[in-house]
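In terms of this note's numbering, the sequence shown opens at residue 14 and continues consecutively. Here a beta-carbon is modelled for each residue, glycine too, at the ideal position from N, C-alpha and C.
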Amino acid sequence: MPTEGNIPHSREKPSFSPAHRYRSSNVSWKSNEILELKNRFRDPSLDAMDEENGRTELIKKVISLTTSGIDTSSLFPEMLLAGATGSLIEKKMVYLYIGMYAGANQELALLCINTFQKDCADESPIIRGLALRCFSGLRLPYLSEYILPLVETCYSDRSAYVRRIAIMSSLELSVCHDSLRTRDTREIIDKMVYDADSGVCINAITTLGHFERGTSMERQKVPLGLLVPPSITKSMVYFLLNRLREMSDWEISTVLWRTANYEVTDEQEMYDIMNLLEESIKTLNSALLISVSNFFIRLARKDETLLFHVCNRLRKPLLLMCSYSSPEILYILLMHLKFLVHLSPQSFHESYRGFFPRLGEPSYIKSTKIDVLVKLLTEKNVGSILDEITYCIKESRENHDIVSKCARSIDGVCDFLLVNRGVLKADLFDAISGKLHTFHRRLLDHPYDDFAREMSIRSLPKILSLGNVDDGTFIRSFISINEVKKLDLSSRDTVFSILYTLRNFPQSIAQAPYILELIIGMHSILSYELRDNLLRTSIMLFAKRPSETLKALRNLLVIEMNDFSNADIRDRALMYHRALSKGVLYAESIARGAYSCQEKMIRCQCADTTTKSMDILFDEFNSISIILNKPIAWQAARS
């Protein structure tokens, strides 16, 4: 055991910190290894070594160090020389290295021009295509004059693989240099759409689409992010559609998307195209099915009867695909189905059960299905749909999103009943109204009491506007002083619903004056719109229950007449004060007359506020705009 005076050398205090010592040794080790690799590349006997110690293993080590984040740019000349080999594996790794370091070694990158030019003339089409792809992917401005002749030569290469890469290389060059997006280049690519190889056709129409997008953006006709289908001719469309059987699902989807803007000349041509695409409807590929749907609805968009038949034909394949798709694909399909339901709801009325939420589905799937169900309400299915929504609340006891969506769906059900009140039979109307009351009580019994109650309060104006309500039980179950204290009174919808109920059912709520006094106490956080609403409700409630409401109304008028923050609200308070001096009924008639327009708006809220955006989305079907439910132009304006 060492004594105090004989401490081992390893216990002495080091002159550098361990981290510094580690970094120093690590950097030194890396430098030594790169120097060793450089010497091994220059070894004349490298070609005679076996495979484990030869050039391939050296290149693998360089790539391994590079992907580990080590700077190996000092090996750039050696790697260029190593590219002069007949091994395809070595060439791929060398091209990968050149692509990573060409931008940082632009002067040394000139040395690779001869190598790429030589490889582009190689006998192997794989090497020719690989060299052209790597050379055009360097994106160095001064190399364009060397790359362009190679691309033009490869347009007519005997190998389809090389021709495909030549087209995409022209796209790479046009991205870096707008001047290379010339009319001659477009004419060449236009001709290559008729190539015998389907892959060349797809690359050609894709490149033309990007060219059109660039031109449209220059003219400020299209926002960033929206791909524009290329300008197409009748002969091009027929050539591509007649070759669909030779193409894969992805290639067919691309063709259909790029040719979707084609305008047919007559009805017979439209039916001929639909017959060509009939087989594609039976596909098991979701992307292809949506592409075919996009093509069909664009052909039928000008004829409502034909659009109904088209949506009816697409209904079964889309619903069948929804039954076995993953949640992610299912959501995309549902969003497109939701748009089709907006276009032609009659086509989906018989299949409303296909949109019933299933046990275990994610909340975003259930929410979308509930939205679709509300759009499919008819006289025959309104009861079944309402029962299903009620069951969703019982099933989703811990999911606020589903409870919120179910509560908001009541507005859609009420709108349907109000519009069809004269069509529906009296007993059916009463039965549905009773189910709505049961639905609200189910919200009250939800474990998340406060949240569910607030959502039900917001739906009260629509429910009460239907009539057939037992004032003594139904309304009192929602509105009481204790329950109102639990609600978020900073929410406009919640306060508006409470005021609506107090105004129209003052005798059914025993604590109505005290609830009004509670809201007046929170006067400072209310918006000007709600303050105006509060003034009128106070006058109307005072007319029905004057002795209990007098104190609250006096306090509100004093507050508003002495508040100069909003001249309109102050003038209204003065007007009601003068009207009360002429009589309570006179003041009530003024307040009720001001409300008549708002109450009509409640009954006419069923008009779809998203009609304008839906019409714009028609042109952006089969794009991310359908998923976001907003046109891409609106998204670009917001950003």
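Please report the distance separating the alpha-carbon of residue i from that of residue j.
i: Asn412; j: Cys405; result: 10 Å
i: Cys427; j: Thr381; result: 19 Å
i: Lys329; j: Thr296; result: 12 Å
i: Gly99; j: Lys131; result: 12 Å
i: Thr267; j: Val213; result: 12 Å
i: Val497; j: Asp262; result: 58 Å
i: Asn394; j: Glu374; result: 23 Å
i: Leu301; j: Phe224; result: 24 Å
i: Ile345; j: Val354; result: 14 Å
i: Ile637; j: Phe368; result: 22 Å
i: Ser87; j: Arg199; result: 41 Å
i: Ser409; j: Lys643; result: 28 Å
i: Ile218; j: Ala122; result: 32 Å
i: Thr403; j: Leu390; result: 15 Å
i: Arg177; j: Ile160; result: 16 Å
i: Ile383; j: Ile445; result: 18 Å
i: Ser551; j: Leu593; result: 12 Å
i: Glu612; j: Leu449; result: Note that Glu612 scores 46 on pLDDT, short of 50, meaning its location in the model is unreliable; the coordinates nonetheless yield the value given after this. If you take the alpha carbons of Glu612 and Leu449, they lie about 20 Å apart.
i: Asn216; j: Met260; result: 13 Å
i: Ser357; j: Cys324; result: 7 Å
i: Ile615; j: Met181; result: Any reading at Ile615 needs caution, since the residue's pLDDT is 41, under 50, leaving its predicted position unreliable; the model's value is listed next. One C-alpha to the other measures close to 57 Å.
i: Pro559; j: Leu437; result: 40 Å
i: Leu512; j: Ser364; result: 40 Å
i: Asp197; j: Ser183; result: 12 Å
Does residue i have its Cβ less than 8 Å from a Cβ in chain C?
i: Ala604; result: The structure shown contains no chain C, having only a single protein chain.
Thinking C-beta only, is residue j closer than 8 Å to residue i?
i: Ala173; j: Asp210; result: yes
i: Glu601; j: Met535; result: no
i: Leu529; j: Thr562; result: yes
i: Leu343; j: Ile378; result: yes
i: Tyr541; j: Ile582; result: yes
i: Leu569; j: Leu548; result: yes
i: Ser312; j: Met287; result: Looking at the sequence shown, residue 312 is not Ser but Leu. Cβ distance < 8 Å, so Leu312 and Met287 count as in contact.
i: Arg505; j: Leu543; result: yes
i: Leu109; j: Ile139; result: no
i: Leu502; j: Ile533; result: no
i: Ile294; j: Val305; result: yes
i: Ile639; j: Met348; result: yes
Quick one: using the 10 Å Cβ neighbour count with 16 as the cut-off for buried, is residue i buried or exposed?
i: Asn307; result: buried
i: Tyr35; result: Caution is warranted here: a pLDDT of 35 is assigned to Tyr35, below 50, making its placement in the model unreliable, and the coordinate value is therefore given only provisionally. Tyr35 comes out exposed.
i: Leu641; result: exposed
i: Ile202; result: buried
i: Ile538; result: exposed
i: Ala144; result: buried
i: Leu566; result: buried
i: Gly222; result: buried
i: Phe509; result: buried
i: Tyr155; result: exposed
i: Pro519; result: buried
i: Asn45; result: exposed
i: Gly142; result: buried
i: Thr318; result: exposed
i: Ala604; result: buried
i: Ile48; result: The sequence shown places Leu at residue 48, rather than the Ile named in the question. Per the 10 Å Cβ criterion, exposed.
i: Glu120; result: exposed
i: Glu136; result: exposed
i: Arg585; result: buried
i: Arg246; result: Sequence inspection shows Thr at residue 246; the Arg mentioned does not correspond to that position. Flag for Thr246 reads exposed.
i: Val188; result: exposed
i: Asn575; result: exposed
Smallest Cα separation from residue i: which of the options?
i: Ala95; options: Lys73, Arg68 and Cys147; result: Arg68
i: Met205; options: Asp170, Val354, Ile160 and Ser187; result: Asp170
i: Phe634; options: Leu269, Arg141, Tyr527 and Glu341; result: Leu269
i: Pro340; options: His355, Glu317, Gln281 and Pro370; result: Pro370
i: Arg271; options: Tyr207, Tyr284, Val277 and Leu253; result: Leu253
i: Lys557; options: Ala525, Glu408, Ile511 and Met348; result: Ala525
i: Ile126; options: Leu163, Pro358 and Phe631; result: Leu163
i: Lys388; options: Ile218, Lys351, Glu363 and Glu401; result: Lys351
i: Asn433; options: Glu392, Tyr527 and Ile76; result: Glu392
i: Arg326; options: Glu291, Glu317, Gln520 and Ile383; result: Glu291
i: Thr79; options: Arg55, Lys407, Gly112 and Asp56; result: Gly112
i: Glu70; options: Asp443, Met92 and Ser87; result: Met92
i: Met106; options: Leu386, Cys147 and Cys133; result: Cys147
i: Gly447; options: Val416, Leu50 and Gly396; result: Gly396
i: Val250; options: Ile265, Tyr275 and Arg258; result: Tyr275
Taking 7 Å as the cut-off, is the beta-carbon of residue i closer than that to any non-hydrogen atom of the ligand MG?
i: Pro57; result: By its list of ligands, the structure shown contains no ligand whatsoever, and the ligand MG lies outside what it can speak to.
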